[in-house]
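Colleague:
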Amino acid sequence: MPRIRVEVDGSSYEDDVEPRLLLVHYLRDRLGKVGTPVGCDTTNCGACTVLMDGLSVKSCSVLAVQADGREVTTVEGLRAGHPMQRAFHEEHALQCGYCTPGMIMASIDLLRENADPSEDEIRDGLEGNLCRCTGYQNIVRAVRRAATEMRRPASEEVTS
Amino acid sequence: MRPFTYARAATEDEAVAACTDGAAYLGGGTNLVDLMRLGVAEPARLVDVAHLGHDRIERRADGGLRIGAAVTNGDLAADRTVRAEFPLLAQAVLAGASGQIRNLATVGGNLLQRTRCAYFQDVTKPCNKREPGSGCPAREGEHRNLAILGHSAGCVATHPSDMAVALAALDAEVRVRGREGTRTIPFGDLHRLPGTAPERDTCLEPGDLITAVEVPPLRMPSRFRKARERASFAFALVSIAAALRTDVPGGTVTDVRIALGGVAHRPWRARRAEERLRGARASGEAFLRAAEAELEAAEPLRDNGYKVPLARNLIVRTLSGLVAP
Ligand SMILES: Cc1cc2nc3c(=O)[nH]c(=O)nc-3n(C[C@H](O)[C@H](O)[C@H](O)COP(=O)(O)OP(=O)(O)OC[C@H]3O[C@@H](n4cnc5c(N)ncnc54)[C@H](O)[C@@H]3O)c2cc1C
Ligand code: SF4
Ligand code: FES
Ligand code: FES
Chain X
3 MPRIRVEVDG SSYEDDVEPR LLLVHYLRDR LGKVGTPVGC DTTNCGACTV
53 LMDGLSVKSC SVLAVQADGR EVTTVEGLRA GHPMQRAFHE EHALQCGYCT
103 PGMIMASIDL LRENADPSED EIRDGLEGNL CRCTGYQNIV RAVRRAATEM
153 RRPASEEVTS
Chain R
11 MRPFTYARAA TEDEAVAACT DGAAYLGGGT NLVDLMRLGV AEPARLVDVA
61 HLGHDRIERR ADGGLRIGAA VTNGDLAADR TVRAEFPLLA QAVLAGASGQ
111 IRNLATVGGN LLQRTRCAYF QDVTKPCNKR EPGSGCPARE GEHRNLAILG
161 HSAGCVATHP SDMAVALAAL DAEVRVRGRE GTRTIPFGDL HRLPGTAPER
211 DTCLEPGDLI TAVEVPPLRM PSRFRKARER ASFAFALVSI AAALRTDVPG
261 GTVTDVRIAL GGVAHRPWRA RRAEERLRGA RASGEAFLRA AEAELEAAEP
311 LRDNGYKVPL ARNLIVRTLS GLVAP
């Protein structure tokens with residue numbers, strides 16, 4: 003069995019894994035990080051989105067062995083009160099909550115590329131994440147709000 | 011998923027040596043891992059080729075680009091040179107899949123992704139591509155999204171890649187490292203028409219590793235467009251990658267490239283339309299006649315006749331946009 007070394011949410015892990023083990027199952031079943039759900043079986047819904055070396059990926063289509071030597075961030079690795087999480091809560095961007103961890107992680111990746119996305123750019127950037135409940139309106143609003151907040155420290159630095 | 015072994019190759023030599031019969035290369039895995047989960051692909055071994063140093067985009071002496079096979083779709087679409095000088099390529103890549111998938115998907119894997127024909131992906135159904143000789147239920151069944159050109163009695167599938175359509179228009183070449191050494195394949199020869207062997211998507215032999223894609227300079231206005239059922243996150247019904255140059259604005263066509271996606275088993279280079287246009291005056295009328303000449307060869311199936319006018323209109327509108335942007 004191949005041995006992998008991964009950094010997940012700030013801690014290092016070294017494990018022997020079967021090659022067919024999917025990253026999402028490694029995270030959930032081996033590491034107990036059940037904050038990342040599985041919502042489909044053909045890489046469609048985006049619920050399982052995590053960051054790998056800072057880029058969003060669908061952890062249900064990544065083999066755990068592919069993550070060897072990489073850094074993975076799940077929704078559980080966000081610092082408490084992360085602006086994105088708060089914005090989702092405050093804008094009522096979730097109902098059943100199933101899509102939420104993936105939406106949050108994909109949104110964080112979206113802001114990495116574009117710190118001030120328009121509504122259309124947000125819809126476009128989240129095209130790989132499906133939500134059956136909210137109709138997306140509040141999700142878009144939450145991402146706009148988080149973007150404003152996350153830009154703030156930098157602009158304050160400039161003016162002070 | 012069937013058990014398999016996994017090897018991460020560090021060099022081309024190692025990769026090709028490890029890819030014995032029954033093994034498959036692994037790029038980002040965004041297509042292969044799905045197919046393994048569905049039981050459509052059951053390789054005995056995966057040879058991971060994402061770490062061979064093929065992850066760079068290099069400028070060639072003639073101004074073209076050499077794109078490593080392991081460059082991710084995300085990095086390709088974000089590359090400044092690609093966006094500025096080969097906009098149709100960046101547009102095509104961005105039109106495909108979603109951010110999470112583009113972050114993992116590689117150039118090599120994108121070219122070799124398998125068809126999205128629903129029967130191919132369902133192991134409980136017959137399918138000549140998956141199981142040669144078992145039949146093609148799509149021909150009489152669900153084929154709204156399938157081919158109108160170049161199909162055979164045995165298979166009416168389409169190639170799903172958007173990026174490949176742009177590379178077809180760009181006259182790209184594919185660098186391949188095989189068991190017998192390296193070779194270069196003109197892009198138009200990589201993908202096959204189904205004929206009597208629909209199980210073969212391409213001309214590649216077992217063990218062949220794509221190492222890079224060579225793109226000659228373009229130096230003319232270009233554009234990729236994609237018609238799909240929803241505004242985002244859907245495969246093409248019909249797509250087009252086109253480039254056009256005229257001697258003076260609104261004058262005579264001196265060079266033109268047109269490739270269509272979603273219409274055939276391979277990216278469809280519209281050579282007949284191109285021939286008609288070369289030397290002709292660039293006008294809506296000429297674009298229409300050229301499109302019609304190309305689509306004369308179309309043989310739509312019962313439920314996909316809509317693709318013929320869709321392709322025609324895409325050709326006319328895209329070329330018109332290139333002369334009067
Ligand atoms: C939900 C979803 C939506 C999508 N929508 C689109 C879309 O709209 N348009 C579009 O174009 N694509 C779309 N895709 C497909 C996506 O672009 C492909 O899955 C991806 O490009 C494949 O690249 P990969 O590196 O992950 O390939 P892999 O899955 O790793 O491999 C694919 C195939 O290529 C072979 N291979 C990989 N690398 C090499 C190499 N270097 N040499 C030889 N063989 C190799 C593998 O053995 C395998 O057979 C979508 C995918 C998903 C899951
Ligand atoms: S069209 Fe091709 S892929 Fe689809 S069922 Fe027929 S043989 Fe299989
Ligand atoms: S669980 Fe649906 S995309 Fe991963
Ligand atoms: S909140 Fe239920 S799926 Fe999005």
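Those sequence lines, one after another, are chains X and R. Here this note's numbering is used: the first residue of the first sequence is 3, the next is one more, and so on. Here this note's numbering is used: the first residue of the second sequence is 11, the next is one more, and so on. We put the CB at the ideal spot given by N, CA and C, even for glycine.
When the Cβ atoms of the stretch 243-256 of chain R are set against those of the stretch 176-184 of chain R, are three or more pairs found closer than 8 Å?
Modeller: yes
Colleague: Comparing the CB of X/ARG32 with every heavy atom of ligand 4, is any distance shorter than 7 Å?
Modeller: no
Colleague: Does X/ASP43 get closer than 8 Å to chain R when you measure Cβ to Cβ?
Modeller: yes
Colleague: Any residue with its Cβ nearer than 6 Å to a heavy atom of ligand 3 should be included. What is that list in chain order?
Modeller: X/VAL40, X/GLY41, X/CYS42, X/THR45, X/ASN46, X/CYS47, X/GLY48, X/ALA49, X/CYS50, X/LYS60, X/CYS62
Colleague: Cβ of X/GLY137 versus every heavy atom of ligand 4: is any distance shorter than 7 Å?
Modeller: Not so, every heavy atom of ligand 4 lies at least 7 Å from the Cβ.
Colleague: Flag R/SER171 as yes if its beta-carbon sits less than 8 Å from any beta-carbon of chain X, otherwise no.
Modeller: no
Colleague: Note down the Cα distance separating X/MET55 from R/ARG322, rounded to an integer number of angstroms.
Modeller: Per the sequence presented here, residue 55 of chain X reads as Asp, with Met not at that position. Straight-line Cα distance between these residues: approximately 43 Å.
Colleague: Drop a sphere of 10 angstroms on the beta-carbon of R/ARG240, count the other beta-carbons inside from all chains shown, and report buried for 16 or more, exposed for fewer.
Modeller: exposed
Colleague: Please go through the stretch 60-134 of chain X and give each complete beta strand (DSSP E) segment of 3 or more residues, from N-terminal end onward.
Modeller: List check, beta strand (DSSP E) in window: 73-75.
Colleague: Buried or exposed, going by whether 16 or more other CB atoms sit within 10 Å of the CB of X/MET3?
Modeller: The residue is exposed, with fewer than 16 neighbouring Cβ atoms inside 10 Å.
Colleague: Compile a chain-ordered list of the residues in the stretch 116-130 of chain R whose CB is closer than 9 Å to at least one CB of chain X.
Modeller: none
Colleague: Tell me, please, which residues DSSP counts as bridged to R/LEU287.
Modeller: Answer by DSSP bridge pairing: none, since R/LEU287 is not bridged.
Colleague: For X/GLN68 and R/ALA163, what's the separation of their Cα atoms in angstroms?
Modeller: Using only the alpha carbons, I get a separation of about 40 Å.
Colleague: Label X/LEU31 either buried or exposed according to how many other C-beta atoms from any shown protein chain fall within 10 Å of its C-beta, with 16 as the threshold for buried.
Modeller: For the sequence presented, residue 31 of chain X should be read as Asp rather than Leu. Under this definition X/ASP31 is an exposed residue.
Colleague: Grouping DSSP H, G and I as helix and E and B as strand, with all else coil, what is R/SER108?
Modeller: coil
Colleague: Exposed or buried, which one is R/GLY261 when buried takes at least 16 other CB atoms within 10 Å?
Modeller: exposed
Colleague: Take R/VAL263 and list the residues in its own chain whose beta-carbon comes closer than 7 Å to its own, dropping the five residues that flank it on each side.
Modeller: LEU254, THR256, LEU287, ARG288, GLY289, ALA290, ALA292
Colleague: Can you find a CB in chain R that lies within less than 8 Å of the CB of X/GLY99?
Modeller: Interface annotation, X/GLY99: not in contact with chain R, CB-CB separation never under 8 Å.
Colleague: Among residues of its own chain, excluding the 5 on either side of R/GLU152, which ones have a beta-carbon nearer than 7 Å to its beta-carbon?
Modeller: Correct list, in chain order: ALA128.
Colleague: Enumerate in chain order the residues of its own chain whose CB-to-CB distance from R/ALA269 is below 8 Å, with the five nearest sequence positions on each side excluded.
Modeller: VAL175, ALA176, ALA178, ALA179, ILE250, ALA251, ALA252, PRO277, TRP278, ARG279, ALA280
Colleague: Kindly give me the distance between the Cβ atoms of X/SER63 and R/VAL43, rounded to whole angstroms, as I take these residues to be in contact under 8 Å.
Modeller: 5 Å
Colleague: Taking the beta carbon of X/THR75 as the centre, do at least 16 other beta carbons fall within 10 Å, making it buried, or is it exposed?
Modeller: buried
Colleague: R/CYS165: beta carbon under 7 Å from a heavy atom of ligand 2?
Modeller: Result yes, Cβ under 7 Å from ligand 2.
Colleague: Kindly list, in the order they appear in chain R, the residues whose Cβ is closer than 9 Å to that of X/GLY83.
Modeller: Ordered by position in chain R, no residue passes the 9 Å Cβ test against X/GLY83, which lies about 25 Å from the chain.
Colleague: Mind checking whether the beta-carbon of R/LEU156 lies closer than 7 Å to any heavy atom of ligand 2?
Modeller: yes
Colleague: Quick check: R/GLY119 and X/SER58, are their CB atoms within less than 8 Å of each other?
Modeller: Not closer than 8 Å, so no.
Colleague: In its own chain, which residues sit with a C-beta less than 7 Å from the C-beta of R/ASP31, not counting the 5 before and 5 after it?
Modeller: Correct list, in chain order: PRO216.
Colleague: So, under 8 Å CB-CB, R/LEU159 and R/ALA274 are touching, yes? Tell me the CB distance rounded to an integer number of Å.
Modeller: 4 Å
Colleague: Please list, in chain order, the chain X residues whose beta carbon lies closer than 7 Å to that of R/PHE243.
Modeller: GLU129, GLY130
Colleague: Since R/GLY38 contacts R/ALA115 with CB under 8 Å, what's their CB separation in whole angstroms?
Modeller: 4 Å
Colleague: I'd like the span of the alpha helix (DSSP H) that includes R/ASP58, first residue to last.
Modeller: It is not in any alpha helix (DSSP H) - R/ASP58 instead sits in the beta strand (DSSP E) that spans 55-58.
Colleague: How would you list, in chain order, the residues of chain X whose beta-carbon sits under 7 Å from the beta-carbon of R/THR40?
Modeller: THR45, SER63
Colleague: Closest to R/PHE297 by CA distance: which of R/ARG267, R/SER330, R/ALA28 is it?
Modeller: R/SER330
Colleague: Can you pull out the residues from the stretch 95-111 of chain R whose beta carbon lies closer than 8 Å to at least one beta carbon of chain X?
Modeller: ALA107, SER108, GLY109, GLN110, ILE111
Colleague: Going along the chain, which residues of the stretch 45-60 of chain X sit with their C-beta nearer than 7 Å to a C-beta in chain R?
Modeller: THR45, GLY48, THR51, LEU57, SER58, VAL59, LYS60
Colleague: Helix, strand or coil, according to DSSP, for R/ARG279 in the structure here?
Modeller: strand
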